[in-house]
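Novice:
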Amino acid sequence: MGQPTNCASMSFVESIDAATLGERLRVARANAGLTQEDAAKRLGVSRPTLVAIEQGQRKVRAEELRTLADIYEARFNDLLRSTAVHVDLVAKFRKGDSKKQTELEKSGEDAIRLLNRLATASMELEFRLGQRQQSYPPPEKQILSGPLEDQAEDLALELRHRLGIGLSPITDIVSLVELELGVRIFFRPLAPLISGVFAYDAAVGPCMLINIKHPRERQVLTIAHELGHFMCARNSPDVVHEAAHEISREERFVTLFAVAFLMPAVSVRSRFRDYTAAGGAFSPRNLLLMAHSFKVSVEAMARRLENLKLLKQGTFESLKERGFTIEAAKRALGLPTDDAQSAPPRLTLMAVEAYRRGLFSEGQLSNMLSLERVQLREQLDNFGGEELDDALSLES
1 MGQPTNCASM SFVESIDAAT LGERLRVARA NAGLTQEDAA KRLGVSRPTL VAIEQGQRKV
61 RAEELRTLAD IYEARFNDLL RSTAVHVDLV AKFRKGDSKK QTELEKSGED AIRLLNRLAT
121 ASMELEFRLG QRQQSYPPPE KQILSGPLED QAEDLALELR HRLGIGLSPI TDIVSLVELE
181 LGVRIFFRPL APLISGVFAY DAAVGPCMLI NIKHPRERQV LTIAHELGHF MCARNSPDVV
241 HEAAHEISRE ERFVTLFAVA FLMPAVSVRS RFRDYTAAGG AFSPRNLLLM AHSFKVSVEA
301 MARRLENLKL LKQGTFESLK ERGFTIEAAK RALGLPTDDA QSAPPRLTLM AVEAYRRGLF
361 SEGQLSNMLS LERVQLREQL DNFGGEELDD ALSLES
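If you're matching positions, the sequence shown starts at 1 in the UniProt record's numbering and goes up one per residue.
(1) Tell me whether V204 sits in a helix, a strand or coil according to DSSP, three-state version.
(2) For D381, count neighbouring Cβ atoms within 10 angstroms of its own Cβ and tell me buried if that reaches 16, exposed if not.
(3) Which residue's Cα is closest to the Cα of L310: H292, S270, T348 and R331?
(4) Assign H161 to buried or exposed, taking buried as 16 or more other Cβ atoms, counted over all protein chains shown, within 10 Å of its Cβ.
(5) For R58, does the three-state DSSP call read helix, strand or coil?
(6) Can you pull the DSSP bridge partners for H241?
(7) Going by the beta-carbon positions, is the gap between F186 and A224 smaller than 7 Å?
(8) Closest to G130 by C-alpha separation, out of F316, V374 and L359, would be which residue?
(9) For the beta strand (DSSP E) containing residue 400, name the first residue and the last one.
(10) I need the straight-line Cα distance from R58 to A19, nearest angstrom please.
(11) Pull up the CB-CB distance for N235 and Y200, whole angstroms please, since I reckon it's below 8 Å.
(12) Using a 10 Å radius around the Cβ and a threshold of 16 neighbouring Cβ atoms, would you call Q151 buried or exposed?
(13) When the Cα atoms are used, what is the spatial distance from L221 to L34?
(14) Give the DSSP-derived three-state secondary structure of N235 in the structure shown.
(15) For L115, which option in Q36, L179, A62 and V204 has the closest C-alpha, if you only look at C-alpha atoms?
(16) What does the Cβ neighbour count give for Q55, buried or exposed, with the cut at 16 atoms within 10 Å?
(17) Throw me the rounded Cβ distance for the S122 and L347 pair, which I believe falls under 8 Å.
(18) Which full runs of the beta strand (DSSP E) of 3+ residues lie inside the stretch 289-373, going along the chain?
(19) Under 8 Å: do the stretch 143-158 and the stretch 171-184 share three or more Cβ pairs, one atom per stretch?
(20) In chain order, what are the residue ranges of uninterrupted alpha helix (DSSP H) at least 4 long that sit wholly in the stretch 98-181?
(21) Based on the DSSP output, what are the partners of A199 in its beta bridges?
(22) When the Cα of G323 is compared with those of V296, A300, M263 and P284, which residue comes out closest?
(23) Within 10 Å of its beta-carbon, does R94 have 16 or more other beta-carbons around it, so buried, or fewer, so exposed?
(24) The alpha helix (DSSP H) with G22 in it runs from where to where?
(25) What's the C-alpha gap between M350 and E126?
(26) Run the CB neighbour count on S195, radius 10 Å, all protein chains shown included, and call it buried at 16 or more, exposed below.
(27) Cβ of E321 within 7 Å of Cβ of Q313?
(28) How about G182 and Q133: are their beta carbons less than 7 Å apart?
(29) Mind checking N77: buried by the 16 CB within 10 Å criterion, or exposed?
(30) CA-CA distance, V296 and M263?
(31) Verify whether the separation of the beta carbon atoms of V239 and G44 is less than 7 Å.
(32) Assign I53 to one of two classes, buried (16 or more other C-beta atoms within 10 Å of its C-beta) or exposed (fewer than that).
(33) Looking at the structure shown, is H214 part of a helix, part of a strand, or coil, going by DSSP?
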């Protein structure tokens, strides 16, 4: 697709409302992680001039717009196109002094920008395919004064009832939150300390980015954790990481909610009684099978049993000290040890459909989805093969 001529570009740029174009440029700059000072320096103008452009007080010239598109790694035509999707989740996150950023803070901001990019890509694909994701968010719940444990248990049961899953273990939390709650959920490699990112916008809906490098059980717990933020503090974006020094009341509540949502107390007690009904002691084998059944880690299952006073405090530490290894135990019981998480089908299938319709090239999709061309090609082959269409054809 060719670019417009300089004369056509200048005329078209001048025809767009300066405030509208300025806001698109502000969003693009924020998504690129650049300050106004940095962007102005690279454009070759003063910071006040860039501020005036973003506020619509000074029209941007066509050549400046091209330069800014390159600086922000944005598509020139998308900045001009009224139907292009412009998502700004980045601004929802509090930013500290960029000159004093720790490595963890930088990793968090990188994850936030990636979430924003994937949310934008998801909405763009929906728009082009005419497949707008419906979102019917449950009402947000306020955390009240008093003990948090009971409130978290009650909210977890209430959401389970709303979703129609009762007290059964959740076999596929990704499909559940995507299809029933309209959550845009993405999986990409993130910095080791970052487990996930959550943000909510009324126009975009709830969005989650989960670290695909983490074990499957940990990803599940992160999703449930972010779901807790969606239920009680959806307008407060969140970055889940291991280095938190201060745990707020809200964060404690969300952690308790995640555990209660994945492992309802009634179900855990019932399963525990089943294993010990014959008078036998609860064994490491039973613990492993329970963790596998509830799709959580052995440690998370042990902690839950300890907190429900079904196991003594310190049981998990004792197992580790005695040389208990999860991988060896899984192999002994014939349980799968592969924790790999595939990409959520919805985003992948939208990308496949858009490619097959010729709406986007491989290069465009690779850029939109933040995937290497080889990774994209693998997904296109795995989910878009003609053999699958032939096999599932309903026409005689």
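Using N, Cα and C, we set each Cβ at its ideal position, and we do this for glycine too. This structure is a prediction, so every number in the text was calculated from the model and none was measured.
Specialist: Well, looking at it:
(1) Here residue 204 corresponds to residue number 204 of the sequence shown, with the count starting at 1. Of the three classes helix, strand and coil, the one that applies to V204 here is coil, per DSSP.
(2) The residue you call residue 381 lines up with position 381 of the sequence shown. Per the 10 Å Cβ criterion, exposed.
(3) In the sequence shown, residue 310 corresponds to position 310, counting from 1. Selected option, being the one with the closest Cα: S270.
(4) Translated into positions along the sequence shown, residue 161 becomes position 161. Result: exposed.
(5) Counting from 1 along the sequence shown, the entry for residue 58 is found at position 58. Correct three-state label for R58: coil.
(6) Here residue 241 corresponds to residue number 241 of the sequence shown, with the count starting at 1. Note: H241 sits in a beta bridge opposite I194.
(7) Stepping through the sequence shown from its first residue, residue 186 is reached at position 186. Stepping through the sequence shown from its first residue, residue 224 is reached at position 224. Result no, Cβ atoms of F186 and A224 do not sit closer than 7 Å.
(8) On the sequence shown, position 130 is the one that residue 130 refers to. That would be L359, whose Cα lies nearest to the Cα of G130.
(9) Residue 400 lies beyond the stretch modelled for the chain, which goes from 1 to 396, so this question has no answer here.
(10) Here the question's residue 58 lines up with position 58 in the sequence shown. Here the question's residue 19 lines up with position 19 in the sequence shown. In a straight line, the C-alpha of R58 is about 9 Å away from that of A19.
(11) Locating residue 235 in the sequence shown gives position 235, counting from the first residue. Locating residue 200 in the sequence shown gives position 200, counting from the first residue. Contact flag correct, Cβ pair sits at about 6 Å.
(12) Stepping through the sequence shown from its first residue, residue 151 is reached at position 151. Q151 comes out buried.
(13) Within the sequence shown, residue 221 is the residue found at index 221, counting from 1. Within the sequence shown, residue 34 is the residue found at index 34, counting from 1. Cα to Cα, L221 sits roughly 32 Å from L34.
(14) As a first step, residue 235 is located in the sequence shown; it is residue number 235 there, counting from the start. Residue state, collapsed to three classes: coil.
(15) In the sequence shown, counting from the first residue as 1, residue 115 sits at position 115. Taking only the C-alpha atoms, the option nearest L115 is V204.
(16) Here residue 55 is taken as the residue at index 55 of the sequence shown, counted from 1. By the 10 Å Cβ count, Q55 comes out exposed.
(17) Against the sequence shown, residue 122 aligns to sequence position 122. Against the sequence shown, residue 347 aligns to sequence position 347. That belief holds up - the Cβ atoms of S122 and L347 are roughly 6 Å apart, short of 8 Å.
(18) none
(19) no
(20) 103-129 and 148-163
(21) Sequence index remark: in the sequence shown, residue 199 carries index 199 (1-based). C207, per the DSSP bridge assignment.
(22) If you number the sequence shown from 1, residue 323 lands on position 323. Per the Cα distances, P284.
(23) Here the question's residue 94 lines up with position 94 in the sequence shown. Residue confidence for R94 is low, a pLDDT of 46 falling below 50, so the modelled location carries little weight and cannot support an answer.
(24) Within the sequence shown, numbered from 1, the residue matching residue 22 stands at position 22. Segment A18 to A32, the alpha helix (DSSP H) holding G22.
(25) Here the question's residue 350 lines up with position 350 in the sequence shown. Here the question's residue 126 lines up with position 126 in the sequence shown. Rounded to the nearest angstrom, the two C-alpha atoms are 7 Å apart.
(26) Looking up residue 195 in the sequence shown gives position 195. S195 comes out buried.
(27) Position 321 of the sequence shown, counted from the first residue, corresponds to residue 321. Position 313 of the sequence shown, counted from the first residue, corresponds to residue 313. Their beta carbons are not under 7 Å apart, which means E321 does not touch Q313 by this criterion.
(28) Here the question's residue 182 lines up with position 182 in the sequence shown. Here the question's residue 133 lines up with position 133 in the sequence shown. Yes, the pair counts as a contact, with Cβ atoms nearer than the cut-off.
(29) Along the sequence shown, one-based indexing puts residue 77 at 77. Burial call: exposed.
(30) The residue you call residue 296 lines up with position 296 of the sequence shown. The residue you call residue 263 lines up with position 263 of the sequence shown. C-alpha separation (whole angstroms): 9 Å.
(31) Numbered from its first residue, the sequence shown carries residue 239 at position 239. Numbered from its first residue, the sequence shown carries residue 44 at position 44. Taking 7 Å as the Cβ cut-off, V239 and G44 do not qualify as a contacting pair.
(32) Along the sequence shown, one-based indexing puts residue 53 at 53. So I53 ends up on the buried side.
(33) Walking along the sequence shown from the start, residue 214 turns up at place 214. Coil.
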